[in-house]
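From first to last, the protein sequence lines are chains A and B. What the first sequence shows, in the working numbering, is residues 1 to 477, in sequence order. What the second sequence shows, in the working numbering, is residues 1001 to 1477, in sequence order. From the three backbone atoms N, C-alpha and C, an ideal C-beta is built for every residue, glycine too. Each remark here refers to the structure printed beneath this line.
There are 2 protein chains.
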Amino acid sequence: MPSSVTPDRVIAELVAALPPDAVLTDPDLLVSFHRDEADLCAAGTPVAVVRPRTTEEVAATLRIASAHRVPVVAQGARTGLAGAANAVDGCLILSTTAMDRVIEVDPVNRLAVVQPGVVNAEISRAAAKYGLRYPPDPSSWESSTIGGNVATNAGGMCCVKYGVTGEYVLGIEVVLADGEVVRCGRRTRKGVAGYDLTRLFVGSEGTLGVITEITLALRPAAEESLTLAALFHSVSEAGAAVIAIAESAAAPSLLELIDAVHLRAIEALRPMGLPASAAALLLSAVDSGIRAPADLAVIEECCRRSGATEVHVSSDLAEADALLAARRLAHPAMESLAAATFPAGVGALIIDDVAVPVSRLTELLDGVAFIAEEQKLVVGLVGHAGDGNMHPNIVVDRTDPASMARGRAAFDQIMALGLALGGTCTGEHGVGLLKREWLAKELGPTGVRLHRAIKDAFDPLGILNPGKVLPPRRSRA
Amino acid sequence: MPSSVTPDRVIAELVAALPPDAVLTDPDLLVSFHRDEADLCAAGTPVAVVRPRTTEEVAATLRIASAHRVPVVAQGARTGLAGAANAVDGCLILSTTAMDRVIEVDPVNRLAVVQPGVVNAEISRAAAKYGLRYPPDPSSWESSTIGGNVATNAGGMCCVKYGVTGEYVLGIEVVLADGEVVRCGRRTRKGVAGYDLTRLFVGSEGTLGVITEITLALRPAAEESLTLAALFHSVSEAGAAVIAIAESAAAPSLLELIDAVHLRAIEALRPMGLPASAAALLLSAVDSGIRAPADLAVIEECCRRSGATEVHVSSDLAEADALLAARRLAHPAMESLAAATFPAGVGALIIDDVAVPVSRLTELLDGVAFIAEEQKLVVGLVGHAGDGNMHPNIVVDRTDPASMARGRAAFDQIMALGLALGGTCTGEHGVGLLKREWLAKELGPTGVRLHRAIKDAFDPLGILNPGKVLPPRRSRA
């Protein structure tokens, strides 16, 4: 712990400054706050968990942390997949889950003001009362918090048409490292007053400040949708269909690819009659309206032309929901698969979210298959194919150095392939600990220098989520 | 000039480093590069104008400028309305207008890569060949450059449905103050690798770096549209109609308000039979499609319910284009009005672009009318009412201290009113010199501190567009 005082002294100050139930120190309780869902990323041991309910309580926490140079790791529901919310040794975990109020839904200006601990799906439910919705829908939408969504600029399934979290963040309130509170952004539809601090905080993974309030743009409620499911003999053919759809005039609101590894893993976790023999399932939807039948016909034609063996179109909402629910199970299903592949507690997943320009999608898919074969690993492929954003999920044995080495080699090869195809190392999960080295490669030295300059300007003591996104400062490493 | 060397030495170095035609020093030529279209904002005298054609030439210019601490003011077509592109004494004007290549249109990934000097409308023309378009459409779209649009995060008329410039900027190449080149952002639809430097540069008005290449998202070409024109007995009633439309389920692609001052000014500039007796004209459009007739009916009903005396619906594209062309003439028409109101060269305009939440629009409109009456000034109102973003344009006599004082008082009162209504001091024009003091009020001291920290981190010598957005550093003032 870089602080000059004892943890006990810091805890005593926190207890004095905050309500009685806001500071947790029981080691048994702390364990559950150690890490997010990124297996294999390092996690340290916190000295305490702080659960504030107000901005002032967050500010008080950060004033104390700053005074004693204690690291602070902000956390939402810990559903992240890059280790950004993992504890570092001697840190305070600042859990925002108790800041869970929907403060306001304003139907005329089509916005909602929420605290960071509100669960994603709760916002849509609050908005639905006014015929509105909040579109971004990460797979974790029933559990992940909006604060975590904003801190990682989370994506989701409807992003192919409706965009990611950051496009909906109009304004935020942030507590800075020293406890100062700043409001950025606006409630207006347009605004260009000064630098876009709001977007700078979005996706900064708790390294620049702690978000305590969010003003979100809402949209009219989604129209009913028509869905399409297409089966392919190869993942590559499914990828070709996606490229053809991107090139067409169709505007799908969803375009997901699920490979055979995931289909079987999902079916094993929750049997629902998924096609066991297909190499890939492409799942698409279009919003209803005058263009819907034509759009669906175009998507169907793209699938057939690319080699689909079966295309099924449905306006049955229950059927569509079942397919979407299956898709959302991809992550837990792969965890089960890893657990079933190896003896108890030994199987692990390296989860990736590389994104490439859609035109390069088949090259990415073929490359991942080649890498998996070369490294003799099971690598499942699932993801937001319409955005060129895939999740190659690598199954490894955490206790076998050879398996781990092959897994890491495959991961690095996939990252290198993604960048070579004009892509990015992370489409939606963020950098955290998992992608730090690849971020540096993607940015180049000048980009890293600008990142470091911003980090130093916002957090001169380096107490905010140190070591995430950027390596720790050399002087403190 | 803060440099320790003579201007001649700096010019000699530039001439040695750049192609022969890239450095202009003829004082008669320089005059035309002194200022943008923001009348009444201070403009200094540059020592030279540099017109690079490549990123490397921009980098060479900035290396020389850095070495001698010479201020650099980046300029596009100088159509800005806040003085951001105005020369400062002893500066180099870095005009990007010769960097005018559309490098690439990629129809599969729906993006264009352009140099900063490409005129906005050229991008749409290049995209149209592929059935695509670039939506943001400032009134100056036939003359303003994309570099200027990005540097100011420009708005426009279709933004009410399609959003502003920044929402289309996927990636940029930037030359930093010291001449280093950095690429930010991506070609992928999604990406969360590191801090959002792209959005930080967007709207930073040349104070953090010089943008040398832009990757823009494109959209499918616009559908044909249906238009609606409604006349009102008062501006306030037109505002009430806008609020009613915002509250409805209609999705207008355009919702503009033009008051009687502007209607008469436009008619005087180019007679086209605009309704001379109306207090306000509301202009709207919806994209064609299954919802269009219903949406138009809703908009018409909102207008009638709010007191419209006449509502005219048309699918005649020529008629719609004529009305839009009239709207685009608002700014030159008001300049003509100011010139006609006072003796030659004496009439001037203070142009504003306050934005408020749409629900507060009538309060803004009524307040501006009250302020105009109180200050005994002609204040025309025109703007993107559907976004709550209005242009109260104040007519003053630049040679009459009393008129100028009343004009500035009205401007300040309007800014204060906008902020009190939960709005922003600038919806689309940017801060430049015009809104610097109001930006500081809007941000508050902590927000200003973060702005200053970013500026210092990116431009430690303070050579990039000094005094714009933020006041000059005290040590150099």
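- With a threshold of 9 Å between beta carbons, residue 388 (chain A) makes contact with chain B.
- When DSSP states are grouped into helix, strand and coil, residue 7 (chain A) belongs to the helix group.
- Taking one beta carbon from each stretch, the stretch 1372-1383 of chain B and the stretch 1393-1411 of chain B have 3 or more pairs nearer than 8 Å; the two touch.
- Assignment of alpha helix (DSSP H) within the stretch 1395-1436 of chain B, counting only whole runs of 4 or more residues, yields 1401-1420 in chain order.
- Within the DSSP bridge table, the entry for residue 92 (chain A) names A:48, A:72 as partners.
- The C-beta distance from residue 1361 (chain B) to residue 1385 (chain B) rounds to 6 Å, short enough to meet the 8 Å contact threshold.
- Residue-level contact check: residue 402 (chain A) does not touch chain B, since none of the beta carbons of chain B fall below 9 Å from its beta carbon.
- A straight line joining the alpha-carbon of residue 1199 (chain B) with that of residue 170 (chain A) spans about 13 Å.
- With respect to residue 132 (chain A), residue 218 (chain A) sits close: the two C-beta atoms are nearer than 9 Å.
- Residues of the stretch 167-190 of chain A whose Cβ lies closer than 8 Å to any Cβ of chain B, in chain order: 167, 176, 180, 181, 182, 183, 184, 186, 187, 188, 189, 190.
- With a threshold of 9 Å between beta carbons, residue 192 (chain A) makes contact with chain B.
- Sixteen is the threshold: since fewer than 16 other Cβ atoms of the shown chains lie within 10 Å of the Cβ of residue 1129 (chain B), the residue is exposed.
- About 19 Å separates the Cβ atoms of residue 241 (chain A) and residue 158 (chain A), ruling out a contact at the 8 Å cut-off.
- Residue environment for residue 227 (chain A): buried (at least 16 other C-beta atoms within 10 angstroms of its C-beta).
- Residue 470 (chain A) is not a Cβ neighbour of residue 66 (chain A), given a cutoff of 9 Å.
- Taking a Cβ-Cβ threshold of 9 Å, the residues of chain B close to residue 159 (chain A) are 1189, 1190, in chain order.
- Contact annotation for residue 425 (chain A) against chain B: 1193 [CB-CB distance below 8 Å, chain order].
- For residue 393 (chain A), the beta-bridge partners assigned by DSSP are A:351, A:380.
- Contact check for residue 181 (chain A) against residue 55 (chain A) passes: the beta carbons are separated by less than 9 Å.
- The beta carbon of residue 178 (chain A) is closer than 6 Å to those of 66 in its chain, skipping five residues each way along the sequence.
- Near chain B, meaning a CB-to-CB distance below 8 Å, the residues of the stretch 232-260 of chain A are 243, 246, 247, 249, 251.
- For the pair residue 298 (chain A) and residue 314 (chain A), the Cα-to-Cα distance works out to about 15 Å.
- If only uninterrupted alpha helix (DSSP H) runs of at least 4 residues are considered, those enclosed by the stretch 1213-1272 of chain B are 1235-1247, 1260-1269.
- Within chain A, no residue has its CB atom less than 9 Å from the CB of residue 1073 (chain B), the nearest being about 18 Å off.
- For the options B:1110, B:1366, B:1207, the alpha carbon positioned closest to that of residue 1421 (chain B) is the one of B:1366.
- Proximity of residue 359 (chain A) to chain B, defined by a Cβ-Cβ separation below 9 Å, is satisfied.
- In the DSSP annotation of this structure, the continuous segment of the alpha helix (DSSP H) that includes residue 147 (chain A) starts and ends at 146-152.
- Look at residue 1363 (chain B): its C-beta is not under 9 Å from any C-beta on chain A.
- A direct Cα-Cα distance of roughly 14 Å separates residue 1141 (chain B) from residue 1097 (chain B).
- Counting C-beta atoms within 10 angstroms of its own C-beta, residue 173 (chain A) has 16 or more neighbours from the protein chains shown and is therefore classed as buried.
- Fewer than three Cβ pairs drawn from the stretch 1423-1430 of chain B and the stretch 146-161 of chain A lie within less than 8 Å of each other, which leaves the two stretches out of contact.
- For the pair residue 1318 (chain B) and residue 1232 (chain B), the Cα-to-Cα distance works out to about 23 Å.
- Interface with chain B (9 Å Cβ-Cβ cutoff): residue 306 (chain A) is excluded.
- Counting only Cβ-Cβ distances below 8 Å, residue 1351 (chain B) has no contacts in chain A at all, with the closest Cβ about 15 Å away.
- For the 9 Å CB-CB criterion, residue 1414 (chain B) and residue 1358 (chain B) do not form a contact.
- Listed along chain A, no residue sits closer than 7 Å to residue 1471 (chain B) by beta-carbon distance, the nearest being about 13 Å off.
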